[in-house]
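One gets the working numbering by counting positions in the sequence shown from 1 and adding 1 to each.
Okay, so here's the structure we're looking at.
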Amino acid sequence: MENNNQIKSKHPFNKEGSSVQAVERALLLLKLIGENPSSISVGDLAKQAALNRTTAWRLIGTLENQGFVEKDPFSKGYQLGYALHQLTSKNDSYGYLIRRARNTLLKLKEEMGETVLLSVPKHDGTLTIDQIDTDHSVRLVDYTHTISPLHCTSNGKILLSLLPQKELDILLEQPLEPLSKYSITDPEELRKELEKIRVQKVGISIGELDENENAISAPIFNKKKDLVAFITLGGPSFRLTKEDLLLSSDRMLDAAKKIEEQIE
2 MENNNQIKSK HPFNKEGSSV QAVERALLLL KLIGENPSSI SVGDLAKQAA
52 LNRTTAWRLI GTLENQGFVE KDPFSKGYQL GYALHQLTSK NDSYGYLIRR
102 ARNTLLKLKE EMGETVLLSV PKHDGTLTID QIDTDHSVRL VDYTHTISPL
152 HCTSNGKILL SLLPQKELDI LLEQPLEPLS KYSITDPEEL RKELEKIRVQ
202 KVGISIGELD ENENAISAPI FNKKKDLVAF ITLGGPSFRL TKEDLLLSSD
252 RMLDAAKKIE EQIE
């Protein structure tokens, strides 16, 4: 008569198998995160999935490393990540916004002669969902489908400037990584920069992400006044100077307004 160990070895897809069980548990966690209206803590996930906290932490860590879940830096809870949207919708989750903004992006690129980007806010940065490159041979790198940090980008600083004070305080307690020699790493200096953005309504980055690139961004709001995206003009620093960016502020705000008129 076969014992239990023999039975398990002959049935590798048995639910009791450790590898399959881990997959099943990870999928359960994804379902629970997806069903939750806001970010959810690992403790609550473990409780709802009837898992011990260590197992839940290990599974969530794996899902986070692969981009299937994202950690909210403020609540420390988890929500579904961008990798899952890529697999299930081929970027259709942003298709509506891209289609509505595309004509404005094209027109801005033709007028300004530099690369134009469309990005959306994320908890840990900004995600570029569309990029229209300049015709010049020297141009920005392709940022499409990449997440850029908040403290050293023109669109990221806009997002920081719009955060409630408590959330901003929590974020600025974390070290600000220098991505270039011009990155702002002093929290108080960054706060002063954010005050300027609140007044000027545009964000500017002068070599802060890459010392050879400059950029300016404007926020895009929906009809409910929720922040939904950013439009950015960027180019090499030798061609797109700080003075050029400042002179284009009104044009950027006008482009953002035109996109707002096209979305709900």
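Yeah, the Cβ is synthetic: ideal placement off N, Cα and C, and Gly gets one too.
Inset, instruction - Could you check if residue 121 is buried or exposed, using at least 16 other CB atoms within 10 Å of its CB as the buried criterion? - result: buried
Legend entry - Own chain, CB closer than 6 Å to residue 256, minus 5 neighbours either side, in chain order: 105, 109, 232
Inset, instruction - Work out the CA separation of residue 98 and residue 262 for me, nearest whole Å. - result: 12 Å
Legend entry - Cα-Cα separation between residue 176 and residue 185, rounded to whole angstroms: 11 Å
Legend entry - Backbone secondary structure at residue 182 - three-state DSSP: coil
Inset, instruction - List the residues that DSSP assigns as beta-bridge partners of residue 119. - result: 131, 232
Legend entry - C-beta contact flag for residue 128 and residue 83 at 9 Å: yes
Legend entry - residue 137, buried or exposed, once every other Cβ within 10 Å from all chains shown has been counted against 16: exposed
Inset, instruction - Spell out the partners DSSP gives residue 41 in its beta bridges. - result: 79
Legend entry - Residues that DSSP places opposite residue 220 in a beta bridge: 231
Legend entry - 9 Å Cβ cutoff met for residue 159 and residue 208: no
Legend entry - Spatial distance of residue 53 from residue 240 (CA atoms): 56 Å
Inset, instruction - Return helix, strand or coil for residue 208, following the three-state DSSP convention. - result: coil
Legend entry - Cβ neighbours of residue 134 in the same chain (closer than 7 Å, five flanking residues each side left out): 116, 140
Legend entry - Per DSSP, cross-strand counterpart(s) of residue 149: 127
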